[in-house]
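One structure is given below, encoded as structure tokens.
In our numbering, the protein residues as written are 1 to 258.
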């Protein structure tokens, strides 16, 4: 399948973003809570997908969660504890750029967690997620798939592009050697945590634009009818001519000139 061109991508994305705005209105109207987990290999496209969803939504309602490495104190807590404060409240959307599944992925592969800790996590994660779903949270779990050839191209792009260099870390460089290890870790994770109440959905992200559209379309299609009309707002004409901004104490900066 040919990669999508930007104009094709934007033309397909815009009506979906209109639906996402309607979804956010529905969540506020019903008090429902939406939680979406984005997992996948480095460079798969998690951040871009989250951006495509959140771009036109109210940032007070739609929250992106990308937690850093656990602190020394957090490392002594119940593993799921540091994620709980970031779960959505009524009417909110929480988009997790990686989640508690770090334990079954990067922590396992890179040796940051013991075998016993990983086994305990794989037993406990379905229980934890069942509690979330039974409490009414709408939970979606996406794994973004990326072949090694595409991953390598994106690593090289990050290395050469000063605007993307921050995305490349020593951990990424080490993880690059362990493509097969990540595959085995993912398969063990899916086997243990793919449940009827919190299933995984895999999306091909070798073409990131097409992958984003596929993911967003799937998310919207799996939700109930979210059509809630926007509130009526009366915007009468101004009584006179539009006024220019006036300044007294301070003046604005001079406009930028190329």
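A virtual CB, placed ideally from N, CA and C, is assigned to each residue, including glycine. As the structure is a prediction and not an experimental result, all values here were calculated from the model.
ask   = Who are the Cβ neighbours of residue 212 in its own chain at under 6 Å, not counting the five residues just before and after it?
value = Excluding sequence neighbours, residue 212 sits near 49 and 52.
key: the stretch 230-248 in contact with the stretch 166-178 per 3-pair CB rule at 8 Å   = no
Pick from 118, 216, 30 and 2 that is closest to residue 79, judged by C-alpha positions = 118
ask   = In this structure, does DSSP put residue 39 in helix, strand or coil?
value = strand
request  = Please look up how many angstroms separate the CB atoms of residue 40 and residue 143, rounded, as I've assumed it's under 8 Å.
outcome  = Confirmed, Cβ separation roughly 6 Å.
Selected residue, minimal CA-CA separation from residue 59, among 87, 185, 70 and 24 = When each option's Cα is compared against that of residue 59, the closest is 24.
inquiry  = Determine whether the beta carbon atoms of residue 105 and residue 189 lie at a separation below 8 Å.
reply    = yes
message = Can you confirm whether the stretch 28-39 touches the stretch 84-97 when touching is taken to mean that 3 or more C-beta pairs between the two stretches lie within less than 8 Å?
response = Segment contact: the stretch 84-97 against the stretch 28-39, three or more CB-CB distances shorter than 8 Å; contact assigned.
request  = Compute the Euclidean distance between the alpha carbons of residue 56 and residue 85, then round it to the nearest angstrom.
outcome  = 24 Å
query = At what residue ranges does the stretch 116-203 contain a whole run of the beta strand (DSSP E), taking only runs of 3 or more?
reply = 137-145
task = Could you say which of 136, 157, 12 and 158 lies nearest to residue 87 if we only look at CA atoms?
result = Nearest Cα to residue 87 within the set 136, 157, 12 and 158: 136.
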